[in-house]
Amino acid sequence: MKITFALFALASAAALPAADAPKFLSAWRERMARITPHDYVARHTATPIVIDGKLDDPAWAAAPWTTDFADIEGDAKPRPRFRTHAKILWDDTYLYIAAELEEPHLWGKLTEHDAVIFNDPDFEVFVDPDGDTHAYYEFELNALNTGWDLFLPRPYIDGGKARNDWAIPGLKSAVHLRGTLNDPRDTDTGWTLELAFPWTAFAPPATLATAAPRAPADGAVWRINFSRVEWQITTTGGRYEKVPKTPEDNWVWSPQGVIDMHRPEMWGRVLFTRAPTPQPAAVPPEPGRAARALALDFYYAQLDFQRAHRRWAASLAEVNWTAPTGALPPRFQPTPEGYEFSTPFTDGSRQRAWTIRQDRRLTLD
């Protein structure tokens, strides 16, 4: 959940001031080319999962683990102290998520739904069904099985404001503790969790009450990511306390490049398939991946420019952006709101393009 801009009141005290944003964004642009979002094949299950947090349903045994979580900034940072990994399954009613978190000291304090859960150690889920970086969903859970559900119309740095009043009717969640909670006298193993999101959860909030469950089509690819917030702790008076003036660790499945989970373009790619488990399946290559990266690079160049000049650049020359050798010429159009920028590419026998706007909405023609 944590972000590195002071645009959101619930961000950490270590958020970067606005004056530092251009330098920060430029650094992220350099990292983007070195990070490839992870892939995962989510199998359809004919048998519903029992949500008790124990991960002992036979269907889970056949589902692969994700790669182990890494630091949110990627390989430039040390590997996490404790192991975390997750699994995904689905049926016609639910999206199922399981996770296993190694943890020698289980603790948590928050018991009120929609509290700021990342103030405890937590596990977080982010889902962008159509991959356009807008209208996405977030859920956080701590070891007390306390949840926080949020709807984001767009990312925070694009002026998005979280819908904290949004809730998920029919959500199922459970945790299983491998140790004792809030007891420093022993060493614990960790905790596991299971989540079942009804497909209605991924309808726009305005239609949530009337939406019918609609599972993804066979072969659909969604953008999904997982995060774990971990705090360094000490023992005071027989109780766990956070180490003062020590920031949290952010460990994720698919690294973001910066300490900000709200870069949906960097989330993992999950293929939903009905193919039986023994049958091989792979996430198909993303069409025009290089052109998509160029569109995002221009978006961040414009964001640098806007932070420095308090307006959007009105031409490619003004933002000092040029396409690399061999790329098809981009298309740029100023608009009353900002701009539209497209990067064409050849897909088989036809030409397509990735188009991005000043609010980061990213679409494929």
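Each residue of the sequence shown is one higher than the one before, counting from 2 in my numbering. Each residue gets a CB set at the ideal place from its N, CA and C atoms; glycine is no exception. Quantities reported herein were computed from a predicted structural model and do not represent experimental measurements.
Handout entry: Pairwise C-alpha distance: glycine 161 and tyrosine 340
Key = 18 Å
Handout entry: Residue from Ala276, Asp121, Pro205, Gly238 with nearest C-alpha to glutamine 111
Key = Looking at the sequence provided, one finds leucine at residue 111 rather than glutamine. Closest by alpha carbon: Asp121.
Problem - Inter-stretch contact (C-beta, 8 Å, three-pair minimum) for the segment 274 to 287 and the segment 50 to 57 - result: no
Practice task
For isoleucine 357, I'd like the list of residues in its chain whose CB is within less than 6 Å of its CB, leaving aside the five on either flank, ordered along the chain.
Solution key: Ala296, Tyr300, Phe342, Leu363
Problem - valine 271 versus alanine 318: straight-line alpha-carbon distance, rounded - result: 37 Å
Handout entry: Under the three-state DSSP convention, the category valine 244 falls into
Key = coil
Practice task
Kindly indicate which residue of Phe346, Ala218, Ile118 has the alpha-carbon position closest to the one of threonine 274.
Solution key: Ala218
Problem - C-alpha gap between aspartate 338 and tryptophan 313, whole angstroms - result: A small correction: the amino acid at residue 338 is glutamate; aspartate does not occupy that position in the sequence shown. Cα-Cα distance, rounded: 9 Å.
Practice task
Whole angstroms is fine: what's the gap from glutamate 249's alpha carbon to tryptophan 232's?
Solution key: 5 Å
Exercise for the section: Give the range of the alpha helix (DSSP H) segment to which tyrosine 300 is assigned. Expected result: 290 to 310
Practice task
List in chain order: all unbroken alpha helix (DSSP H) runs of 4+ residues lying wholly within the segment 17 to 97.
Solution key: Correct list: 22 to 33, 59 to 63.
Exercise for the section: Quickly, what does DSSP pair glycine 171 with across the bridge? List them, please. Expected result: Answer by DSSP bridge pairing: none, since glycine 171 is not bridged.
Handout entry: leucine 317 - containing alpha helix (DSSP H), residue span
Key = 317 to 320
Exercise for the section: Keeping to the same chain, check which residues put their C-beta closer than 8 Å to that of aspartate 360; ignore five residues upstream and five downstream. Expected result: His135, Arg155, Asp159, Gly160, Glu338, Gly339
Exercise for the section: Apply the 10 Å Cβ neighbour rule to tryptophan 66 and answer buried if 16 or more other Cβ atoms are within range, or exposed otherwise. Expected result: exposed
Exercise for the section: Please report how far the alpha carbon of proline 1 lies from the alpha carbon of isoleucine 89, in whole angstroms. Expected result: For residue 1 there is no data in the structure shown, the boundaries of the chain being 2 and 366.
Handout entry: Per-residue burial, threonine 237 [other beta carbons within 10 Å of its own, 16 or more giving buried]
Key = Threonine 237 counts as exposed, since fewer than 16 other C-beta atoms from the protein chains shown sit within 10 angstroms of its C-beta.
Practice task
Count the C-beta pairs between the segment 168 to 182 and the segment 70 to 87 that are closer than 8 Å, then say yes if the count reaches three, no if not.
Solution key: Short answer: they don't touch.
Problem - Cutoff 7 Å; reference glutamate 105; Cβ partners in own chain excluding five residues on either side - result: The amino acid at residue 105 is misidentified as glutamate; the sequence shows proline. Non-local C-beta neighbours of proline 105 in its own chain, meaning closer than 7 Å and more than five positions away in sequence, comprise Thr188, Asp189, ordered along the chain.
Handout entry: Assumed close pair tryptophan 200, arginine 215 - CB separation to whole angstroms, cut-off 8 Å
Key = 5 Å
Problem - Option nearest proline 205 by Cα separation, candidates Ala302, Pro130, Gly109 - result: Pro130
Exercise for the section: Spell out whether any CB of chain B is found under 8 Å from the CB atom of threonine 68. Expected result: Judged by its chain identifiers, the structure shown contains no chain B, having just a single protein chain.
Exercise for the section: Determine the closest residue to histidine 39 out of Glu31, Gly75, Trp61, with distance taken between C-alpha atoms. Expected result: Gly75
Exercise for the section: For proline 277, count neighbouring C-beta atoms within 10 Å of its own C-beta (all shown protein chains included) and say buried if the count is 16 or more, exposed if not. Expected result: Result: exposed.
Exercise for the section: Evaluate valine 51 with the Cβ neighbour count: other Cβ atoms within 10 Å of its Cβ, from every protein chain shown; 16 or more gives buried, anything less gives exposed. Expected result: Around the beta carbon of valine 51, a 10 Å sphere encloses fewer than 16 other beta carbons of the protein chains shown; the residue is thus reported as exposed.
Exercise for the section: Give the single residue among Gln307, Trp108, Ala221, Asp93 whose Cα lies nearest to the Cα of alanine 197. Expected result: Asp93
Exercise for the section: Give me whichever residues DSSP pairs with tryptophan 149 in a beta bridge. Expected result: In the DSSP secondary-structure assignment, tryptophan 149 is bridged to Glu141.
Practice task
Please name the residue in Trp268, Leu107, Ala324 whose C-alpha comes closest to that of alanine 291.
Solution key: Ala324
Problem - Top-ranked residue by Cα proximity to alanine 64, from Thr37, Tyr157, Thr46 - result: Thr46
Practice task
State yes or no: is the C-beta of leucine 153 within less than 8 Å of the C-beta of glutamate 139?
Solution key: Result yes, Cβ atoms of leucine 153 and glutamate 139 sit closer than 8 Å.
Problem - Nonlocal neighbours in the same chain, by C-beta distance under 7 Å from phenylalanine 203, ignoring five residues either side - result: Closer than 7 Å at the Cβ level, and outside the excluded window around phenylalanine 203, lie Val128, Pro130, Tyr138.
Exercise for the section: Assuming isoleucine 234 and lysine 243 form a contact by the criterion Cβ under 8 Å, report the distance between their Cβ atoms to the nearest whole angstrom. Expected result: 6 Å
Problem - Closest residue to tyrosine 97 among Asp166, Ala43, Asp150, Arg351 (Cα-Cα distance) - result: Ala43
Exercise for the section: Return the residue from the list Gly269, His263, Asp261, Phe227 that minimises the CA-CA distance to aspartate 253. Expected result: Checking the displayed sequence, the identity of residue 253 turns out to be valine instead of aspartate. Nearest of Gly269, His263, Asp261, Phe227 to valine 253, Cα basis: Phe227.
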